[in-house]
Amino acid sequence: VIYGNALLLTTSHGDIIAVQPESGGICNRTRIYGDNLSRMWHALGADGVLRVHVADQVIGLDWDDFLLACA
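Residue -5 is where the sequence shown starts when you use the working numbering, and the numbers rise one by one after that.
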């Protein structure tokens, strides 16, 4: 999914990666616990918080702070 100028990649293993589509450069990445059987969901709210649900965890990331390396 593209949010603004970054491509968001997520996996059921808990990987959360933001990439610049033009260059392929990684803006930022993090990982929370997940596995092959985990359900995964994400959404960027109007408040600028990226909410990610993997397995039994829900986290919120400030999208602008997460993309700081691409600013």
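By construction, the Cβ of each residue, glycine as well, lies at the ideal position given by its N, Cα and C atoms.
Note to self: The alpha helix (DSSP H) that contains D56, what's its start and end?
What the structure shows: Segment Q51 to D56 is the beta strand (DSSP E) holding D56; no alpha helix (DSSP H) there.
Item checked: Enclosing beta strand (DSSP E) for D9 [first to last residue] -> D9 to V13
Item checked: Opposing strand residues paired with A63 [DSSP bridges] -> According to DSSP, A63 bridges with nothing at all.
Next item on the list: Under the assumption that H36 contacts L2 (Cβ atoms under 8 Å), give the Cβ distance between them as a whole number of angstroms.
Entry: 7 Å
Next item on the list: For the beta strand (DSSP E) holding I20, just list the boundary residues, first then last.
Entry: I20 to R25
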